[in-house]
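A.B. asks:
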Amino acid sequence: MSDVLVNHEAGGVLTLTFNRPDRLNALDEELTVALIDALGDAHERNSVRCVVLVGMGRGFCVGQDLRAYAEHKKRDESFSVREYMRRGYNVIAMRLRTLEKPVIARINGAAAGAGLSIALACDVRIASEDSRFTLGFSKIGLIPDCGASYLLPLVVGLGRAFELAYTSESIDAHEALRIGLVNRVVPAAELGDAVAAFTAAVLERPARGLALTKRAFNRAMLSGFEEWLEAEALLQEDASRSEDHHEALTAFVEKRSPRFSGH
Numbered sequence: 110m111s112d113v114l115v116n117h118e119a120g121g122v123l124t125l126t127f128n129r130p131d132r133l134n135a136l137d138e139e140l141t142v143a144l145i146d147a148l149g150d151a152h153e154r155n156s157v158r159c160v161v162l163v164g165m166g167r168g169f170c171v172g173q174d175l176r177a178y179a180e181h182k183k184r185d186e187s188f189s190v191r192e193y194m195r196r197g198y199n200v201i202a203m204r205l206r207t208l209e210k211p212v213i214a215r216i217n218g219a220a221a222g223a224g225l226s227i228a229l230a231c232d233v234r235i236a237s238e239d240s241r242f243t244l245g246f247s248k249i250g251l252i253p254d255c256g257a258s259y260l261l262p263l264v265v266g267l268g269r270a271f272e273l274a275y276t277s278e279s280i281d282a283h284e285a286l287r288i289g290l291v292n293r294v295v296p297a298a299e300l301g302d303a304v305a306a307f308t309a310a311v312l313e314r315p316a317r318g319l320a321l322t323k324r325a326f327n328r329a330m331l332s333g334f335e336e337w338l339e340a341e342a343l344l345q346e347d348a349s350r351s352e353d354h355h356e357a358l359t360a361f362v363e364k365r366s367p368r369f370s371g372h
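In the working numbering, the protein residues as written are 110 to 372.
#1: Looking at the secondary structure, which residues open and close the beta strand (DSSP E) in which G250 lies?
#2: Hey, quick one: how far does the alpha helix (DSSP H) through R195 stretch, first residue to last?
#3: Quick one: measure Cβ to Cβ for L148 and I235, integer angstroms, because I've assumed they're closer than 8 Å.
#4: Roughly how many angstroms separate the alpha carbons of I145 and A221, rounded to a whole number?
#5: Going residue by residue through the stretch 212-264, where are the continuous beta strand (DSSP E) segments of at least 3 residues, counting only ones entirely within it?
#6: Ignore the nearest five residues each way along the sequence and tell me which others in Q345's own chain have a CB closer than 8 Å to its CB.
#7: Alpha carbon to alpha carbon, what distance is there between F307 and I213?
#8: Within the same chain, show all residues whose beta-carbon is closer than 7 Å to that of N128, passing over the 5 residues directly before and after it, in chain order.
#9: Taking 8 Å as the threshold, find out whether the stretch 296-313 comes into contact with the stretch 158-177 through three or more Cβ pairs.
#10: What residue does the beta strand (DSSP E) around R324 start on, and which one ends it?
#11: Just to confirm before moving on: does the CB-CB distance between P262 and V233 stay below 8 Å?
#12: Please name the residue or residues paired with T207 in a DSSP beta bridge.
#13: For T207, tell me which candidate among K364, T359, T322 has the shortest Cα-Cα distance.
#14: By Cβ distance below 6 Å, which residues in the same chain neighbour S351 in space, the five residues on each side in sequence not counted?
#15: V157: which of R184, T124, E186 sits nearest, CA to CA?
#16: Provide the residue(s) that pair with F127 in DSSP beta bridges, ordered along the chain.
#17: Determine, using beta carbons only, whether F347 and G371 come nearer to each other than 8 Å.
#18: Should S240 be labelled buried (16 or more other beta-carbon atoms within 10 Å of its own) or exposed?
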């Protein structure tokens, strides 16, 4: 079964479901490629008027599958985080932002790391009351990626973005709503209906006008986004070479607390 389930619904809504519930929909190469392909198909299909991203099971997406990432780095001495981001995360972020159709993140449970980054790259975020949000990158010696280092300060303000990035604190849905990280919060049992009602309202509007609205907002607020993704990948490559990042991965695999040296 695919790591991303694709459901074309009546009226033009395309629902893409992350389908690794046993790993809280953590991103490995297979899921990443499947999401890139599904978003590419959404670009091409005129019948698709709105896209919804959702996670199967208890979480939206907890970001990179660190176990798979650590094994990849160990197996391939030439592994480059920069190239991994260029062909994976950066493509996802750009496809979400350049898809001239409304994209809604339907957030249930945990949205963490690159999973939170993907939610930030969507146009609208609707969350259940039991959802939680954390960047998490600082815990493993990395910087926010998949566009989060650009988008998070834009969404919540620079000071709050620094706080979330430095501490990797976990915040609940109501705090996320208060700081503007999400647009709406609803009871968990009502999340599906709330997103359906929102998409129904969107589908009542002329598609061309919505497409040009997204293009206008992108030009006004995100004109340097693609160039920044390349810079972000370069910074992440630098961060990934640190002793502390290596220690964080080793500690994760060995299921112990990391012992950071500051290098």
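Each residue gets a CB set at the ideal place from its N, CA and C atoms; glycine is no exception.
C.D. replies: The answer reads as follows:
#1: No beta strand (DSSP E) holds G250; DSSP gives it neither H nor E.
#2: Under the DSSP assignment, R195 falls in the alpha helix (DSSP H) whose first and last residues are 190-196.
#3: In fact, because the Cβ distance is near 19 Å, the residues do not count as touching under 8 Å.
#4: Between the C-alpha atoms of I145 and A221 there is a straight-line separation of about 19 Å.
#5: If one requires a minimum length of 3 residues, the beta strand (DSSP E) runs lying completely within the stretch 212-264 are 212-216, 219-221, 233-237, 241-243, in chain order.
#6: The residues are V190, R191, M194, L251, I252, D254.
#7: One C-alpha to the other measures close to 9 Å.
#8: Leaving aside the five residues that flank N128 on each side, the residues in its chain whose CB is nearer than 7 Å to its CB run, in chain order, M110, S111, D112, V113, L114, M165.
#9: Here the stretch 296-313 lies against the stretch 158-177, with 3 or more beta-carbon pairs under 8 Å apart.
#10: R324: not part of any beta strand (DSSP E); member of the alpha helix (DSSP H) spanning 316-330, first to last residue.
#11: With a cutoff of 8 Å on beta-carbon distance, P262 and V233 are scored as not near each other.
#12: The secondary-structure analysis by DSSP pairs T207 with nothing; it has no beta-bridge partner.
#13: With distances taken between Cα atoms, T207 lies closest to T322.
#14: Shown here for S351: same chain residues with a beta carbon closer than 6 Å to its own, the five before and five after excluded, namely G250 in chain order.
#15: For the residues R184, T124, E186, the minimum Cα distance to V157 belongs to T124.
#16: In the DSSP assignment, F127 is bridged to V113, G164.
#17: According to the sequence displayed, residue 347 carries Asp and not Phe. No, they are not a contact pair.
#18: That one is buried.
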